[in-house]
Structures are given as structure tokens and as C-alpha cells.
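For the sequence shown, the residue numbers in the working numbering are 1342 to 1543. The C-beta atom is built at its ideal place from N, Cα and C for all residues, glycine as well. Notes follow the structure.
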Amino acid sequence: MNPYQNEVAFHLCEQFYGKYYNDTFQRTFILGINPGRFGAGLTGIPFTDPLKLEEECKIENNLTKKRELSADFIYEMIAAFGGKEKFYHKFYFGSVSPLGFIRDGKNLNYYDDPKLQKAVLPFVIETLEKQINFGLNRDVAYCLGEGKNFKFLSKLNEAHGFFNKLIPLAHPRFIMQYKRKSMLHYVDDYLTKLSDPASFIS
């Protein structure tokens, strides 16, 4: 999935990034896995499905208004952080792979297929470098996913020195699918780590 080749998604990205990122302030990177079918795969904006884009960000669109679980958690967390303007002023969402993948009609994570992981590696390195050069904070970055995504990104970071430190966060999809009753606990965990990264850097 490459939403940026879609004229509608590209226009929505222009509106979103023009609204929240049209300045010179430095942001801190939060890296997910790769776009999903119902979120960034449609809108081009990580963890923002068409419904959240319209209801939360006030950017109208004609895309199918289907919820993405990860987006539900992220916007709950953003509200607790102090709202979209405050959050996006400090943080920038991205993905280890900005392209999404589908197999048998379902999302496929880049690390679930060794051949795919190897194939996307040069692209991953190239796009990480490009995004960091937007002016992102290189002292610390956050990884969504405490397992395979963190392991892959940590190894990549050791080889290329993208960031001084990486801090893992539980992935929103994992939280909403398996730990929904503890969602507020995870929101608090995000807020604590995002607000005081030094306490979680060994």
C-alpha cells in the first residue's frame, strides 16, 4: 500500500501536515510498524483513520468511515496529553516502513516475512534518513511495539546511529486487541514516557 500515490490521500496529507506541522519546531519521532488498511493505508497519516481525520482533526473526506483500533487508542492518548495541537507540536508519527503490505486480504507486518523484511531494508534506511532530516530530534525516539518492531529497529539503530536512545512503547493494536480493559493504564504509561524520557533511558 502506497497511499501517497493516491491523489485524495496526498491532498489529505497536505491539509493535515499544513495544519499541525507548518513551522520550524523540532519534533520527536514515534515509529510504528507499517500502514494498516483502515488507517494510514487510506489517509497517508499514521494512526489516523478517515473517521478521526474528520471528527478529531476537522479535515473532511469522502473515504469510508471505518474505525482503526490503533487510531482509537492514539487519539485517546493525544486527548489525555493535552490535545492535538500540543501533541503534534512535540511529536511526529512515522513507520519503520512507510509502505503497507497485505496478504490474503489482511495486514502484513514487514517483519512477519523474512524475505519481505530483507527486501524492504534499503527502503527503510533511506526513508528513515529522509524523515530525520526534516529536523527531528536525534537524541531520543520511541518505538511502538516492544517485541519484533523494537528488536529490528534497535539493531538498525546500532548499525546506523539514527538516534542516541530508543524507548519502546506497547503497540496500540496490541493494547486494544488484548489489553483493552487496561487501556487507561497504557495511556498513563505513554504520557509518563513521552513527558520524561530521561527516566526510561538506561
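- Cβ atoms of Lys-1427 and Arg-1368 stay farther apart than 8 angstroms, at about 12 angstroms.
- Burial is judged here by how many other beta carbons sit within 10 angstroms of a residue's own beta carbon; Glu-1409 has at least 16 and is buried.
- Under the three-state reduction of DSSP, Ser-1436 is assigned to strand.
- Judged by DSSP secondary structure, Cys-1354 falls within the alpha helix (DSSP H) whose first and last residues are 1348-1361.
- Uninterrupted beta strand (DSSP E) stretches at least 3 residues long and entirely within the segment 1413-1492 occur at 1432-1436 and 1481-1485, given in chain order.
- Counting of Cβ neighbours within 10 angstroms places Asp-1445 among the exposed residues, the total staying below 16.
- Ser-1436 counts as buried, since at least 16 other C-beta atoms from the protein chains shown sit within 10 angstroms of its C-beta.
- For Lys-1506, the uninterrupted beta strand (DSSP E) run begins and ends at 1506-1510, by DSSP.
- The criterion of a C-beta distance shorter than 9 angstroms is satisfied by Asn-1505 and Asp-1480.
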